[in-house]
Amino acid sequence: MSRVGKMPIPVPKGVEVAINAEQISVKGSLGTLSRPLNPLVTVKNDNGTLLFAPANDSAEANALSGTVRALVNNMVNGVSKGFEKKLTLVGVGFRAQAQGQKLNLQIGFSHPVVKDMPAGIKVETPTQTEILIKGTDRQVVGQIAAEVRAFRPPEPYKGKGIRYADERVTLKETKKK
571 MSRVGKMPIP VPKGVEVAIN AEQISVKGSL GTLSRPLNPL VTVKNDNGTL
621 LFAPANDSAE ANALSGTVRA LVNNMVNGVS KGFEKKLTLV GVGFRAQAQG
671 QKLNLQIGFS HPVVKDMPAG IKVETPTQTE ILIKGTDRQV VGQIAAEVRA
721 FRPPEPYKGK GIRYADERVT LKETKKK
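My numbering puts the first residue of the sequence shown at 571, with every later residue one more than the last.
Below, the structure is given as structure tokens:
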């Protein structure tokens, strides 16, 4: 059996888990998330602990038990604590400004770049060169952060661009005569 799939998920206080035949729903203080369930994985709620097991002895069911467990764990953590990604802008004149559900970026183009945030995602700019993307769904938060970074990824010679806060950019040496 999958090592990840064997680990139980403790459900924190204030989080409700509803399991039916085709989907699992997790409701917490930050919102509600639901995901369809695969028939190859059985999920059981045992007094505030979620247990996952493959429905048969196939390798696919074994692999899916670990995958479903990881996805449900992200859902439980998302509705209780939430997820966030931090981006930094490196470059002279690079600025970011959050305006409600829009992120306004000035990143060296002749025009400002405006990114609309989907429902359930909050964007904050503590300073002009920092962007905080927060939400309950880990996949959506990571995808939005990747899309914002893709507007101006860090270039390898000066390191200018939008990067994750924990990202290290290796700079290349310039061409010598």
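Ideal Cβ placement from N, Cα and C applies to all residues, glycine included. Computed from a prediction, not measured in an experiment: that's the story for all the values here.
- In this structure, V649 sits away from L634, with a CB-CB distance that is not shorter than 8 Å.
- By the Cβ-count criterion, D707 is buried, with 16 or more other Cβ atoms from all chains shown falling within 10 Å of its own Cβ.
- Around the beta-carbon of G575, 16 or more other beta-carbon atoms lie within 10 Å, marking it buried.
- Comparing alpha carbon positions, the residue from M577, K651, V710 closest to P624 is M577.
- Taking the Cβ atoms as the reference, I589 lies roughly 11 Å from R605, outside the contact range of under 8 Å.
- In the structure shown, A591 adopts coil according to DSSP, grouped into three states.
- Pairing F721 with I714 gives a Cβ-Cβ distance that is not under 8 Å.
- In the three-state reduction of the DSSP assignment, V642 falls in the helix class, which pools H, G and I.
- Annotated three-state conformation of Q713 is helix, per DSSP.
- Remark: C-beta atoms of P726 and L702 do not approach each other more closely than 8 Å.
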